[in-house]
Amino acid sequence: MSEEHAMATIIGGSGRQILKGTPSTDRIFGDTSGAYSFQSGGDDKLYGYNGSDTLYGDALRLTGTALGGKDLFYGGNGNDTIYGDALQLRDYATGGSDTLYGQSGNDHLYGDAKYLYQKAHGAGDRLVGGDGIDTLYGDGVALFNYAVGGNDILSGDRGKDTLYGDSYRLEGRSSGGNDSLSGGDGVDFLYGDAKYMKYASKGGNDQLIGGSDGDSLFGDGVRMTDHSVGGSDTLFGETGDDALYGDAYYMGSATHGGNDSLIGADGNDTIFGDAYKIEYNGRSGADTLSGGAGDDALYGDDFQDGSTTIISSVLGGNDRIDGGTGNDFLAGGLGSDVFVFHKWDGRDVIWDFCGTASKIPQGDKIDLSDWHFASFDQLTPYIHYNSLDTGAVTIDLPEGQTIILLPVGNNGGIQQLTAADFIL
Numbered sequence: 510m511s512e513e514h515a516m517a518t519i520i521g522g523s524g525r526q527i528l529k530g531t532p533s534t535d536r537i538f539g540d541t542s543g544a545y546s547f548q549s550g551g552d553d554k555l556y557g558y559n560g561s562d563t564l565y566g567d568a569l570r571l572t573g574t575a576l577g578g579k580d581l582f583y584g585g586n587g588n589d590t591i592y593g594d595a596l597q598l599r600d601y602a603t604g605g606s607d608t609l610y611g612q613s614g615n616d617h618l619y620g621d622a623k624y625l626y627q628k629a630h631g632a633g634d635r636l637v638g639g640d641g642i643d644t645l646y647g648d649g650v651a652l653f654n655y656a657v658g659g660n661d662i663l664s665g666d667r668g669k670d671t672l673y674g675d676s677y678r679l680e681g682r683s684s685g686g687n688d689s690l691s692g693g694d695g696v697d698f699l700y701g702d703a704k705y706m707k708y709a710s711k712g713g714n715d716q717l718i719g720g721s722d723g724d725s726l727f728g729d730g731v732r733m734t735d736h737s738v739g740g741s742d743t744l745f746g747e748t749g750d751d752a753l754y755g756d757a758y759y760m761g762s763a764t765h766g767g768n769d770s771l772i773g774a775d776g777n778d779t780i781f782g783d784a785y786k787i788e789y790n791g792r793s794g795a796d797t798l799s800g801g802a803g804d805d806a807l808y809g810d811d812f813q814d815g816s817t818t819i820i821s822s823v824l825g826g827n828d829r830i831d832g833g834t835g836n837d838f839l840a841g842g843l844g845s846d847v848f849v850f851h852k853w854d855g856r857d858v859i860w861d862f863c864g865t866a867s868k869i870p871q872g873d874k875i876d877l878s879d880w881h882f883a884s885f886d887q888l889t890p891y892i893h894y895n896s897l898d899t900g901a902v903t904i905d906l907p908e909g910q911t912i913i914l915l916p917v918g919n920n921g922g923i924q925q926l927t928a929a930d931f932i933l
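Residue numbers for the sequence shown follow the working numbering, so the first one is 510 and each next one is one higher.
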């Protein structure tokens, strides 16, 4: 191998260092290429160059009570891998508050380390992907055994990016931090905590902002199992046809969803307050859903296979659902839900309204306070019961709003609405 293409290893040493890569593929360590057990890393600046570089802010491993420094990284032009502190954090080691810029190339950024376990703590890091198809981990690939993620800020910037607020895997009673994720341009995937959560892991209270294209946002992760608990997250779809999941795509038995706020904004969005599927003994959170502009589909809890049949061992949340403008499809799921409407919202369908006269009453309500009806008697002329006795009900309101209540699932067909079904 020629000297021009040989890998260079650059080691900074103690103190504050400014380290720059070469035109070849480099490995750069801010302090040591070995392990720190009780020392503190320096506040270093590390610059990649044209190659596909690997940068470590402090060391290969931080163990014991080691503390990472506050490091600054610029990846350069290649496909870079950047670890804010080290490859591994274990024992009681704590990462530093680092800033990572991937710049050009398809980069992998880790706010703290690749692996955090045995009560290691991540710090509050800032990660910016830059150009290219980037993957950002607020803390690391995996958090095990009571590890704790930091409160991180992640921005995909340009390109089709994947952002994990904490890690790819969160397990063994580990906890995610309170992270802020922004997708930027491109079709992005944002996970507030991790892709997979299990073994009593706990998600943080995260904020996710989709960006300009059709993004997929998961408040906690794709799959939650084994007593995992979701955080109380806030999700903004922004522009594009987005998919928003307050907690996960799948919630297994004995999982618990958080109390989330989901806002679709522009585009034809699909919004789940908790998950697409919730298994037996799963518990939903009390969520707030707003579709914004566009023809949206909003589900307060879950909607697997289009079923709204009550499963006695699943606890639904008491959700607040506002479709916004456009012709929307709304489903509250289990729990006592409130469906909110406004003048000029459009023609909306409620799939599973279960009010006072339902086969299994759940205490659902329709909020029409925007019309200022003085009493239920003033509303009744606008309520039309289906003449074919199918149980469907149409509410034709003045000023641009029609509401259709479908006779499916647990409402057993709507024979009558009462004043108790409305907020006027």
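The beta carbon of each residue, even a glycine, is placed where N, CA and C say it ideally should be. Remember, it's a predicted structure, so these values are computed and weren't measured experimentally.
Per DSSP, what kind of secondary structure is E512 in: helix, strand or coil?
Residue confidence is low: E512 scores 41 on pLDDT, short of 50, so the model does not pin down where it sits. Its coordinate-derived value is still stated next. Of the three classes helix, strand and coil, the one that applies to E512 here is helix, per DSSP.
Less than 8 Å between the beta carbons of G701 and G713, yes or no?
It is a contact, given that the beta carbons lie within the stated cut-off.
Helix, strand or coil: which one does DSSP assign to G885?
Here the sequence assigns Phe to residue 885, which means Gly is not the residue at that position. Helix, per DSSP.
With distances taken Cα to Cα, identify the nearest neighbour of L663 among H617, T572, G723, G539.
When each option's Cα is compared against that of L663, the closest is H617.
Can you tell which of K711, Y655, D567 has its C-alpha closest to the C-alpha of S542?
Ranking the options by Cα distance to S542, first place goes to D567.
Spatial neighbours of L528 within its chain, please: C-beta separation below 6 Å, excluding the five flanking residues on both sides.
Within the same chain, L528 has close Cβ partners I519, G521, I537, L555.
Express the C-alpha separation of G557 and P774 in angstroms, rounding to a whole number.
Sequence inspection shows Ala at residue 774; the Pro mentioned does not correspond to that position. Roughly 38 Å separates the two Cα atoms.
Considering just the uninterrupted stretch of the beta strand (DSSP E) at F848, what are its terminal residues?
Residues 847–849.
Beta carbon of R599, beta carbon of T574: below 8 Å?
Not a contact, by the Cβ cut-off of 8 Å.
Please go through the same chain and pick out, in chain order, the residues whose beta-carbon is closer than 8 Å to the beta-carbon of D480, but skip the five residues on each side of it.
Residue 480 lies beyond the range of the chain shown here (510 to 933); nothing can be said about it.
Please give the ranges of any beta strand (DSSP E) in the segment 592–649, keeping only runs that are unbroken, at least 3 residues long and fully inside the region.
608–610, 617–619, 635–637, 644–646, all fully within the segment 592–649.
Can you give me the C-alpha to C-alpha distance between D553 and R732, rounded to a whole angstrom?
Approximately 37 Å between the Cα atoms of the pair.
Assuming G659 contacts D643 (C-beta within less than 8 Å), just tell me the rounded distance between them.
With a Cβ gap of about 19 Å, G659 and D643 do not count as contacting.
Quick one: what does DSSP say Y705 is sitting in, helix, strand or coil?
Looking at Y705 - three-state DSSP - the assignment turns out to be strand.
Which same chain residues, not among the five before or five after G755, have their C-beta less than 6 Å away from its C-beta?
Correct list, in chain order: G728, D769, L771, G782, D783, D796.
Do you know offhand how far T903's Cα is from I718's?
C-alpha separation (whole angstroms): 35 Å.
Taking C-alpha atoms, which residue in G665, G723, G638, Y677 lies nearest to L652?
The candidate whose alpha carbon is nearest that of L652 is Y677.
For the putative contact between G844 and D810, defined by C-beta atoms under 8 Å, what is the C-beta separation to the nearest angstrom?
Yes, G844 and D810 are in contact; Cβ-Cβ is about 7 Å, under 8 Å.
For the putative contact between A703 and Y673, defined by C-beta atoms under 8 Å, what is the C-beta separation to the nearest angstrom?
Yes, they are in contact, since the Cβ atoms of A703 and Y673 sit about 6 Å apart, within 8 Å.
Helix or strand or just coil, what does DSSP make of D930?
The answer is helix: DSSP assigns D930 an H, G or I state.
If you follow the beta strand (DSSP E) that K874 is part of, which residue opens it and which one closes it?
Where K874 is concerned, the enclosing beta strand (DSSP E) stretches over 874–876.
How far does the beta strand (DSSP E) with A840 in it reach, from first residue to last?
Start and end: 838–840.
Compute the beta-carbon to beta-carbon distance between D648 and D670, rounded to the nearest angstrom, for a pair I have assumed lies under 8 Å.
Not really, about 17 Å apart at Cβ, beyond 8 Å.
Under DSSP, the beta strand (DSSP E) around D567 begins and ends at which residues?
Careful: D567 lies outside any beta strand (DSSP E) and carries neither H nor E.
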